[in-house]
Structures are given as structure tokens and as C-alpha cells.
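Numbering (the numbering used here), first residue to last: 1 to 308. Glycine included, C-beta positions come from ideal geometry on N, C-alpha and C. Structure first, then comments.
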């Protein structure tokens, strides 16, 4: 039997299983060098913060007065603070809090922003009301508003849930409800275009209820801009939490975050500049890497660019 007899016909060779669109997204994402580098840096920071405490022998709250104000060494790579606490352990613990605040606040802001954007874009009767509310939130000075919320609700939440949990809920809620507006405007614009598409008009013509039409046809098609906004929102939330902690209105002093570590290091900036610089470098690297990841996702999820 010849090879030609066993060779598949051209018609059979052209029939291939359908390719998942997420593979196309990955193919476009991995050629974005900045996004790949940002992913590596962000993954390294996450491993440092969440895996590092499992293998590092020092606890973030352990006080050793005899070892206070030490410089960088093999035993303490980042040195120790004025109470003898290991700064590297505190950097790991502070990173866990800062990253958790960024991710949870991002999820809350995306949920609110996507919901308001979808409702405003699909239902014309409430579009004006929701967009004027969005403009009102955009006009508010965010940092003074966050400071007022922190002063008003710090004591009630701390009494109800404990100091650490109460402050976490307060900061996450404050950042989430003051950061959803850009997402809402982007989603609204996409929904206005999507609801005039043929498949949406066809689903509406056969009597599909609005709730089902939104969940099955509209929301899945606005996930791309939402995912891009989500990555950028993580960076914004981390910076906002760091600013609140730096101003002394975030977590308590004995509960480390990157912003709190910067605040603690300011008093020793001339003698030990690394105490303020190290958490600042970690904040900058995290924000920069997340921004690059957002740029890569934006290019990968755009079908006009994906095919290039």
C-alpha cells in the first residue's frame, strides 16, 4: 500500500477541531514583553508574600530588643526595626494585607461598576439617573471622603468585628464604593453598542426576558473591558490603602502593611533610609507590574489587535 493511499484527503485535513478563543488571547498576550515581565514580577511578589512566611523562621510580630536597628545581614536580609522585629517578615505580612485589600476592593468595585454600567446601558429610563449619580461620585474628592469614612466608622466596625477585621472591612468598602465609576462608564458604552447587535435583537424578538438576555448575551461580551479595568483597579486600591496607612488612618500600628511600613520608616529616614524605601519599592513594582498586565490584557482581548 502506498503512502498516498494512507494520506488523508485535503478535505479531511482541513477539518480541525474548533480552537478555544482563550488560546488566541494567550498567543497575543505572550508576545507582549511588558505583560510577561509584569506577570513574572507580580507572581514573584505574591510568592514572596504568601509562601515566604511558611519558610521564613521569624514572625512579623516577634520583638527582640537586643537585635534592634540592625542593618542588612544574612540573618536579617532587610535588617530589623527599632523594636528588633525582622523587616523582611513584616514586608511579607504587610504584602499579604496590601494585596488582599487590592484584590477584594477590586472585586467590589468591579461588581458595582459592572452592575450599574449594564443597567444604565440597557435600560434607557434609568440611564440618566445612574449616569448623573456616577458623575456625582466622580466629582467627589476621594481622599478626603475616605478620611471622613475612616473617622466615622472606625470605632463601630472595630467594636463589632475586632480591630483588624473591622479596619479591613472599612478600607475595602471605602475603596470599593469610591472606585467603581470608570468601570461603569466603560461598561455602559459597550452595552449601548451590544444591545443593537443582531443576536441581541433576535433574542429580544423571540420574547427573551431582559434578565436572561443580559446574563446570557450582554454580560459575557463586556467581560473583556471589565478584566482590563480589574487589573488596573488592583493597583489603584493598593496605592489608596498605602496612602491611608501612611496618613495613620489605616490599620493599627502593630498590624503591618506596606503603607504603614513607609510611615514607620519616615522617622528613621536619615539613619536607615531602607526602611522607607523597601516598602515603597515593593508598592511601585506591584503597581507597575499590574499596569503592564492590564496593557497586555487590553491588547490580547481586543479582536482588532489579536489577529495581527
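- If the five residues before and after residue 214 are omitted, its C-beta is found closer than 7 angstroms to the C-beta atoms of 118 and 122, all from its own chain and listed in chain order.
- In this structure, DSSP gives residue 80 an extended state, which the three-state scheme calls strand.
- For residue 48, the uninterrupted alpha helix (DSSP H) segment begins and ends at 33-50.
- By the Cβ test, the segment 163-177 is in contact with the segment 144-155, since at least three Cβ pairs between them sit closer than 8 angstroms.
- Minimum Cα-Cα distance from residue 284 among the listed residues 262, 50 and 296 corresponds to 262.
- Between residue 234 and the set 80, 60 and 99, the nearest pair of CA atoms involves 99.
- Under the DSSP assignment, residue 127 falls in the alpha helix (DSSP H) whose first and last residues are 127-139.
- Taking one beta carbon from each stretch, the segment 225-234 and the segment 194-212 have fewer than 3 pairs nearer than 8 angstroms; the two do not touch.
- Contact between residue 228 and residue 187 does not hold, since the beta-carbon distance rounds to 11 angstroms and is not under 8 angstroms.
- The C-beta distance from residue 57 to residue 93 rounds to 14 angstroms, too long to fall under 8 angstroms, and the pair is not in contact.
- For residue 198, the uninterrupted alpha helix (DSSP H) segment begins and ends at 198-205.
- In the same chain as residue 137, and ignoring 5 residues on each side of it, the C-beta atoms closer than 6 angstroms to its own belong to 181, in chain order.
- In terms of CA proximity to residue 66, 81 leads the group 77, 81, 72 and 55.
- The three-state secondary structure of residue 64, taken from DSSP, is coil.
- Apart from the 5 residues on each side of it in sequence, residue 45 sits with its Cβ closer than 6 angstroms to the Cβ of 286 in its chain, given in chain order.
- Shown here, residue 295 sits in a helix according to DSSP, grouped into three states.
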